[in-house]
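Those sequence lines, one after another, are chains A and B. Quick note on numbering: the first sequence equals residues 1 to 216 in the working numbering. Quick note on numbering: the second sequence equals residues 1001 to 1748 in the working numbering. Positions of the beta carbon are idealized from the N, C-alpha and C atoms, including for glycine. The structure appears below as C-alpha cells.
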Amino acid sequence: MLNISDLLEQIKQTPYREIVVSTPHTGVVNFASIKSGDAVHGPEGQWKERPGTKLATLTRERNPKPIFAPEKGVIDTVHMEYENTFVECGCPLVTIKHHLTREEVESIILKQALYLFRAPERAKYYFTPEIAAKLRASDPGSVVIHDGQELFIMSRMKRELPLYYSGPEGVIYATYFKTNENVDTDAPLIGVCPQEELPNIKEVIMRVQTEWQENA
Amino acid sequence: MDNLFLKRIQSLSDRLSYIQDIFAGKHADSVSLLQQKLDEFTDKATHDSLEKPYEELVSLEDLFKYVEARLDASITPMDKVRIVRHPQRICLKDILENVYDNFTEVGGQDEHSLDPSMLIARAVIIRRRGKKRYIQSVMVIGQEKGHGAEFRNGGSVKPWGNAKARQFMRVAETEGIPIHTYIFTPGSYPIEDYPGAAQQIARNIYCMAGLRVPVISVISEGGSGGAEAIGLADRRLMLSDGYYSVISPEGAAAIEGHCRGGERPSQELVEKCAMNLKITAEDNLRFGYIDKIIQEPPLGARSYHFDFFRQLRQEVIRATDEVILSTKLSPFKNIALSRRNKPDVNLDEMYLRWGLSSSAKDRLLKKRQNKFLKLSKQAAVDRRPMLTKAIHAMDEIITTPWMQFKYEFYRKHQRKIHAFLEEAENEWDVFKSWLRKPFGKGGTGTGKNKEDKSSELTTLSSWTGEHKHNKWNYLSPRYKIDQAVTCPNAAVYGCPDLWGPDLFAEFAGVCSNCGYHFPMEPEWYVRNVFDKGSVMEFNSEIESGNPLEYPGFGDSIKAAQEKTGCKSGCMTFEARIDNTKLVVAMLMGTFRGGSFGAAEGYKFVEAAQRASKNRYPFLAYVHGTAGIRIQEGTNGVIQMPRCTIAVRRYIENGGLYMVLYDTNSFAGPVASFLGCSPYQFAVRSSNIGFAGPGVIKSTTGMDVPPKYHRCYRALTRGHIQGVWDRRQIRNNLIQALQTIGGRNLYYR
C-alpha cells in the first residue's frame, strides 16, 4: 500500500520541480540579462495575457523571437556557453527551479493515492439520480462505489447512455467534472480511494494545507 | 445661537473646504487667512463671547465673498476642471428643482434605472402673458453626477443609458416639445457590451442630426464622446466655469508624458495640458463651438446660488425662444428677438408658443445642419490655390443644376426617352444599311477578337502565366526584406514562420496557416481594390495644422507629413470599382495613428458632399484610426457631429454609405460618422471599439480580456455586418454595391 506520509516527506525534501527551457527551433541565442539565482515569473494576469520574464531571444532568418519563463521560480542554470551561437532545436537554455505550490503538491499526492476513473469519450456527464442524491445528502467521501455499478449518465447530442464504474471499490474522494460542461476523452471524472485510506489522505491533505510554505 | 446661525457658520466652513479643494494647495495665504478668521469666529461663537454675533457673521461672510471674487480672477483651466468635478458643484437634479417649475423623472428613478447616470425628466416652465398662465413642456436630458454618486459612475453613461436618452429624444420629437440637454460628464463609460459604447453614441449623434424639435444644450463638464452623445444642439450654452474638451487633462498628460501601466503624470504636466488644450468656455466661444457663456458666481455655481438658477432659467428660455423665432418667417421676428436680448428682461412674462409647423421644422433642421457644417474650417490649413478654389466654385455652380437635371428629370423620364431614342436609332440603322447596300459593305467584328475568344474557350490556363506574377497591382515594400515573420497566433494555432517576401507579396499580408491579417500600407488598398488607373485624388492640398498652437505639435505634424508623403490623415478620392464610380474617404493609420482632426473632417465632409452631388456611392475605408486628435482639442471633437451631419444628409438624399474597418479603429470617429453607417464591414484581424484596454482599465478598473475589441465581437453584437478577407475586399465590395446598392440607389 502507498505510504502517503512518506510521499509527502519525499516531496518536502525536494520541494522543487525543475523546468528546462529549451529552444523551440534552430537559431542564434542571445540571453537576456539573467543570471543564476534570479527570480523569474510566469505568465500573469487574469487570462495569462502578460508574458513571463524574458529569458532569451532566438533569432532565425533575421526574425528575433523572445523566449519567456513558463512558470514562476528561481533560475538555477543559464547555459551561457550558447550565447551568440547557432543552436539546434531542443537545446537547453535555462533551468528554472519552480517551488511547488500547495495545489501542485496536493495534485501529486492525489494522483498517486487515488484511482482516477476517466471519461471514455467527449460528452457531458451526470451522476445517476441515486448517487447524486447521496452526494447531496451526505458528506463527501462517504459514498461507496463498487465495480460494475451504474454511476454516470453520459449525454451526447441528447442521447443518454448509462456508464458503469470499473475499478477498485472505494469512496468518491474528488469530482473533476461540472454539470452541463463537456468533458474531453480521458479526462478524469472522479477520484476514488479505498475507504480505509480515507482518513490518512484527509490528514495528509490537511497537513499540506497548513504546513506547506509557498514562496511569495 | 440658533440653528440658522450655526448653518451659516457651517456654510462658511464648506466654502473654505471647497476653496482648498479646487485650488489644490495654491493660494495658501488666502486660505490660511480665511481659516484663521473662521476659527476665531467659531471659537468665540462657541464661548458666547461675540458682542454682535450677526453683524460679525455678516462681515465674515463679506470677507469670504471678497476673497472668492479675488481668487476667481486668477482661476486656471485646471482649477475649472476641479470645480466641475467637485461634489458641491450644481448637478442636474438641482437644476430640475430650481430652474423648472415642476418635473417628473422618466426612464427610471435613482438606482432603479437602466443607467442612473443618465437622468431624463419631463419638466414644465410656466410663463405668463398678462394674467394668463401658459405651461410649456420640455424634455430634459442630462448626466447626473451627484445625489447618489455611488451608483451613478460620476456621470459616465453606459451604452444603454445613451440609448435611453435617444429613446426619449424620439418621444420629444413625437410630442413636438423642445429638448434641453445638460452635459455633466467626464466621458462615456467605455464598455463594448451590446450595443457598444461607440455604436450607441454614433446612433445618438445621427438621431440628433435629424431631430425635428429645438434642442438646447448646456455644458458644464463636456468630456468628449459622452458630451457629444447629447450635445448636438441648435444652441449650445456653456457655464463659465465649465470645460469642454476632447480628453481629460490627466488623460492628455498621460499620453504626453508617455505614462504606462497605471503610472500617473506629474501635476505640473496636467496643469500644462489643461492650459494647452484650450478647454474653457472663452476658448470654445472664440472657436465658435458654443453660442453663449452663462456667467457663474465666483468660483463656480453651487446648490445655494439661487440667483444663478434664475439666470440659467432665463438663458434656457431665451435660447429656446431664439431657436423657435429663427425658424419663423414672421415680420415680427426681429423685433421679438431684439426684445428678448434687452438687459433685465423677464422672459417669464413673455410668452412664445414652442410648437413648430412642418415647414418651420424643415428650416430648423437645415439651420442646425448648416451651422455645424460651417464650423472648424479655420482650423484646417487649406493650401488650394485661388484658381483651384475658383474652379471648384464654378464647378459647383455648373454641375449642381446639371446633376439635378440628370437625376431629377432625366432619370424620371428615362424609359420614355430611351424608347424614343431606340426607335430613332433603329430607323437610322435601316437607312444606313439601305445606303451601303449598293457597295456590298456588310458584316462587322474583328477576326482577332474571335480568335482570342476561341483560344480562351479551348485552351487550358497555365501555371506559369503572366497573371500569376502580377496577382497584385501593388506590393508592400516590406516584401523586399529578406526576413522571416512570426504570426501572432503562432502559440495558439502553431503557425510556422512566414517568409517576408512571400507574406508581403503573394500572400497579401495574410498568414497562410491561420489567416491572421498583418497590417498593410494604405497604398495597397488604393492600388489593389479599385480599378487600375481609376483613382483620382481631390482636396489633397488641405493640410493638418496646429490650430491650438500646441507646443511642439507643429513639428510632429511636419514629421508625419514627411514620413507619409500625405498632408493629412484622410485621403479623399474618386475611383471606379468594376466600372462603378464611387467616392472614397480613407483614414490612414500611418499618419499619426490615424487620428482625426479639423483637416480630416473638412476633407470628409467635402467628400460626402461630392458623393451626394455626383450621385456616387460613398465608402469610408478606415485603414486605422486612433480617435480624435487630442492636440486639436475641441476642433477635433466638433468633427463628430459635423461629419455625422454630412453623412446623414448624404444618406437622406438617397446615397449608399458604407464603412470598411481595417487594423484598429477606435474612439470618436467610430462613435460618430463611421458608427452611424447602416452598412459597416471589417477586414479580418481588425479591432473595433470605443476605448483601448489601458483606458478601460484606468477608468473602470475592469481587466479587459484578450481579443475584447476583435471585429468578431462587433459582428456578434450587430455593430458590423460582415468580416471580409483582405484578398476578397474588391469582390465583396462589388457584391455589396450590387446587392445593397441595388437599382434604386442613384449610384448606377
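Which residues of chain A have a Cβ atom closer than 9 angstroms to the Cβ of residue i, listed in chain order?
{"i": "residue 1497(B)", "result": "25, 60, 61, 63, 65"}
Just grab the DSSP bridge partners of residue i for me.
{"i": "residue 188(A)", "result": "118(A)"}
{"i": "residue 75(A)", "result": "96(A)"}
{"i": "residue 59(A)", "result": "28(A), 64(A)"}
{"i": "residue 124(A)", "result": "155(A), 182(A)"}
{"i": "residue 1003(B)", "result": "Looking at the DSSP assignment, residue 1003(B) forms no beta bridge with any residue, so it has no partner."}
{"i": "residue 1093(B)", "result": "According to DSSP, which records beta bridges pairwise, residue 1093(B) is partnered with nothing at all."}
{"i": "residue 1605(B)", "result": "DSSP, once it has assigned bridges, lists no residue as partnering residue 1605(B)."}
{"i": "residue 17(A)", "result": "98(A)"}
{"i": "residue 1537(B)", "result": "1573(B)"}
{"i": "residue 1180(B)", "result": "1140(B), 1216(B)"}
{"i": "residue 1619(B)", "result": "1584(B), 1658(B)"}
{"i": "residue 1283(B)", "result": "Bridge partners of residue 1283(B): none, in fact."}
{"i": "residue 975(B)", "result": "Nothing about residue 975(B) can be reported from this structure: the residues present for chain B run from 1001 to 1748 only."}
Against residue i, what residues of chain A qualify as contacts under a CB-to-CB distance less than 8 angstroms, listed in chain order?
{"i": "residue 1484(B)", "result": "60, 61, 62, 63"}
With distances taken Cα to Cα, identify the nearest neighbour of residue i among the options.
{"i": "residue 1191(B)", "options": "1232(B), 1633(B), 1690(B), 1032(B)", "result": "1690(B)"}
{"i": "residue 1588(B)", "options": "1663(B), 1657(B), 1643(B)", "result": "1663(B)"}
{"i": "residue 1180(B)", "options": "1233(B), 1437(B), 1145(B), 1400(B)", "result": "1233(B)"}
{"i": "residue 1348(B)", "options": "1135(B), 1397(B), 1546(B)", "result": "1135(B)"}
{"i": "residue 956(B)", "options": "1601(B), 1635(B), 1684(B)", "result": "Any question about residue 956(B) goes unanswered here, given that chain B covers just 1001 to 1748."}
{"i": "residue 1652(B)", "options": "1120(B), 1004(B), 1209(B), 1067(B)", "result": "1209(B)"}
{"i": "residue 1207(B)", "options": "1640(B), 1049(B), 1472(B)", "result": "1640(B)"}
{"i": "residue 1528(B)", "options": "1516(B), 1577(B), 1643(B)", "result": "1577(B)"}
{"i": "residue 211(A)", "options": "197(A), 101(A), 155(A)", "result": "101(A)"}
{"i": "residue 68(A)", "options": "56(A), 6(A), 78(A)", "result": "56(A)"}
{"i": "residue 178(A)", "options": "65(A), 84(A), 190(A), 168(A)", "result": "190(A)"}
{"i": "residue 1148(B)", "options": "1109(B), 1186(B), 1169(B)", "result": "1109(B)"}
{"i": "residue 1483(B)", "options": "1477(B), 1500(B), 1473(B), 1264(B)", "result": "1500(B)"}
{"i": "residue 1060(B)", "options": "1156(B), 1169(B), 1038(B)", "result": "1038(B)"}
{"i": "residue 166(A)", "options": "120(A), 76(A), 176(A)", "result": "120(A)"}
{"i": "residue 1131(B)", "options": "1013(B), 1305(B), 1350(B)", "result": "1350(B)"}
{"i": "residue 1476(B)", "options": "1018(B), 1515(B), 1398(B), 1526(B)", "result": "1526(B)"}
{"i": "residue 1737(B)", "options": "1700(B), 1311(B), 1579(B)", "result": "1579(B)"}
{"i": "residue 1225(B)", "options": "1218(B), 1682(B), 1201(B), 1363(B)", "result": "1201(B)"}
{"i": "residue 1364(B)", "options": "1113(B), 1519(B), 1161(B), 1178(B)", "result": "1178(B)"}
{"i": "residue 70(A)", "options": "1491(B), 1610(B), 1560(B)", "result": "1491(B)"}
{"i": "residue 21(A)", "options": "4(A), 199(A), 66(A), 9(A)", "result": "66(A)"}
{"i": "residue 1521(B)", "options": "1505(B), 1534(B), 1242(B), 1183(B)", "result": "1505(B)"}
{"i": "residue 1571(B)", "options": "1637(B), 1434(B), 1175(B), 1622(B)", "result": "1622(B)"}
{"i": "residue 1617(B)", "options": "1624(B), 1573(B), 1631(B)", "result": "1573(B)"}
{"i": "residue 38(A)", "options": "143(A), 78(A), 64(A)", "result": "78(A)"}
{"i": "residue 1517(B)", "options": "1071(B), 1354(B), 1711(B)", "result": "1711(B)"}
{"i": "residue 1511(B)", "options": "1530(B), 1532(B), 1489(B), 1052(B)", "result": "1489(B)"}
{"i": "residue 1270(B)", "options": "1454(B), 1247(B), 1604(B), 1184(B)", "result": "1247(B)"}
Check your understanding: Relative to chain B, which residues along the region 35-50 of chain A have a C-beta separation below 8 angstroms, given in chain order?
Key -> Those residues of the region 35-50 of chain A that come within reach of chain B (Cβ to Cβ, closer than 8 angstroms) are 45, 46, 47, 49.
**Study point:** Interface residues of the region 1695-1710 of chain B facing chain A [CB-CB below 8 angstroms]
**Key:** 1703, 1705, 1706: these are the residues of the region 1695-1710 of chain B whose beta carbon lies less than 8 angstroms from some beta carbon of chain A, given in chain order.
Review point. Between the region 1245-1256 of chain B and the region 1208-1215 of chain B, do three or more beta carbon pairs fall short of 8 angstroms?
Key: Cβ pair count under 8 angstroms is below three, so no.
Check your understanding: Do the region 1034-1045 of chain B and the region 1073-1088 of chain B meet, that is, are 3 or more Cβ pairs less than 8 angstroms apart?
Key -> No, because fewer than three Cβ pairs between the region 1034-1045 of chain B and the region 1073-1088 of chain B fall closer than 8 angstroms, the two stretches do not touch.
Check your understanding: Between the region 1539-1547 of chain B and the region 1376-1390 of chain B, do at least 3 Cβ pairs fall closer than 8 angstroms?
Key -> Flag = yes, the region 1539-1547 of chain B and the region 1376-1390 of chain B touch.
Check your understanding: With a cut-off of 8 angstroms, do at least 3 Cβ pairs link the region 8-16 of chain A to the region 46-61 of chain A?
Key -> Of all C-beta pairs linking the region 8-16 of chain A to the region 46-61 of chain A, fewer than three are shorter than 8 angstroms, placing the two stretches out of contact.
Review point. So, do the region 1068-1076 of chain B and the region 1086-1104 of chain B have three or more beta carbon pairs nearer to each other than 8 angstroms?
Key: Not touching, per the Cβ criterion.
Practice item. Flag this pair as touching only if the region 113-129 of chain A and the region 153-167 of chain A have three or more C-beta atom pairs under 8 angstroms; answer yes or no. Key: Yes, they touch.
Practice item. Would you check if the region 1311-1324 of chain B and the region 1664-1672 of chain B touch, i.e. whether three or more CB-CB distances between them fall below 8 angstroms? Key: Flag = no, the region 1664-1672 of chain B and the region 1311-1324 of chain B do not touch.
Exercise for review: Kindly confirm or deny that the region 1331-1342 of chain B and the region 1289-1299 of chain B touch, where touching means at least three C-beta pairs closer than 8 angstroms.
Suggested key: Result no; under three Cβ-Cβ pairs closer than 8 angstroms.
Review point. On the three-pair Cβ rule with 8 angstroms, is the region 1155-1172 of chain B touching the region 1629-1638 of chain B?
Key: Contact fails: fewer than three Cβ-Cβ distances are below 8 angstroms.
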